[in-house]
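Its first residue numbered 1, the sequence shown is counted upward by one per residue in UniProt numbering.
Read through the structure below, which is laid out as structure tokens, and then see the notes.
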Amino acid sequence: MADARERYGHREHTLDGTRGRVVVREWPCERARYVALLVHGYGEHIGRYEYVAGVLGAHGAAVFGPDHMGHGKSAGERVLIEDFEDVVTDVHAVEELARAAYPGVPVVLIGHSMGGLIAARYAQRYGTGLAALVLSGPVLGTWELPRALLAYDELPDVPIDTGLLSRDPEVGAVYAADPLVWHGPFRRPTLEAFVRTLETVSKSGDVGALPLLWVHGDDDRIVPLPASRTGVGELRGPDQVERVYPGARHEVFNETNKDEVLADVTAFVDRVLAS
């Protein structure tokens, strides 16, 4: 760990990642019952999870989350990820940071969208150390966007329709104005890495006895529900809970029913910790 700075109710740590500086946010919790390790999605950053961290903190979690390479405050060319295995390795360094700060406390991994892909692969590599896995709108299974874009000789610039994030228009407005969010085109190496990692996760087996909660909006047009269902089915172990929210779009943690979603997450964690 290079340094840690306190600001606005959270701490920022800097780690030496696989491809440069990784900035990690910690929302501390006295007498934490568990650590929640948040894994954000494509083009965004961990600062967008302030509300989620607040709910989890009130529930007894110390919350940690990195900005991935090429995202947010971390180093690297913007949104360039050449190998998701490196991102998984970086997240593992964050878990080690959290365990040093909160020894003996169980760790729950929560991944959204691209972060769901990273979290799924993480569970395959490091799942024996986790208490539970939560996947939100995960990029898994038969997600077709990377292959569709790679078919072009010159990648088209297809900016996200912010209205697809949430039924709450304020979510899209804040996203569009956020300077730490990437608003430009995909990088070809990143799309190629998506394809490889989707295949890797698909062929690398289930998560065994690790408890898994999958939450998804049924009106998610960024990562459609049927595509994820295929991938989640391949990860399925004996303890899986599914929650699909009618009318909800891609970011269920930022949806108009976000408190219902987060209540489902905390109830799942309570059940896992009790067992």
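C-beta: ideal position from N, C-alpha, C; glycine also.
As the structure is a computational prediction, the values presented were derived from the model and not from experiment.
{"Check": "Cβ-based neighbour list, A93, same chain, cut-off 6 Å, excluding 5 preceding and 5 following", "Outcome": "L15"}
{"Check": "Other residues of its chain near G247: CB distance less than 8 Å, five sequence neighbours each side excluded", "Outcome": "R167, G217, D218, D219"}
{"Check": "CB contact flag (G237, L210, <8 Å)", "Outcome": "yes"}
{"Check": "Sufficient close CB pairs (3 or more, under 8 Å) joining the stretch 68 to 75 to the stretch 96 to 103", "Outcome": "no"}
{"Check": "G141 classed as buried or exposed, judged by whether at least 16 other C-beta atoms fall within 10 angstroms", "Outcome": "buried"}
{"Check": "Straight-line gap, V207 to G111 (C-alpha atoms, nearest Å)", "Outcome": "15 Å"}
{"Check": "Burial state of V134 (16 or more Cβ within 10 Å)", "Outcome": "buried"}
{"Check": "Cβ neighbours of G129 in the same chain (closer than 8 Å, five flanking residues each side left out)", "Outcome": "E95, V107"}
{"Check": "Beta-carbon proximity of V261 to V215, cut-off 8 Å", "Outcome": "yes"}
{"Check": "Cβ shell of V87 (< 7 Å), same chain only, five flanking positions each side left out", "Outcome": "H68, M69, I81, I118"}
{"Check": "Cutoff 8 Å: R188 Cβ touching any chain B Cβ", "Outcome": "Checking the listed chains, one finds no chain B in this structure; it contains a single protein chain."}
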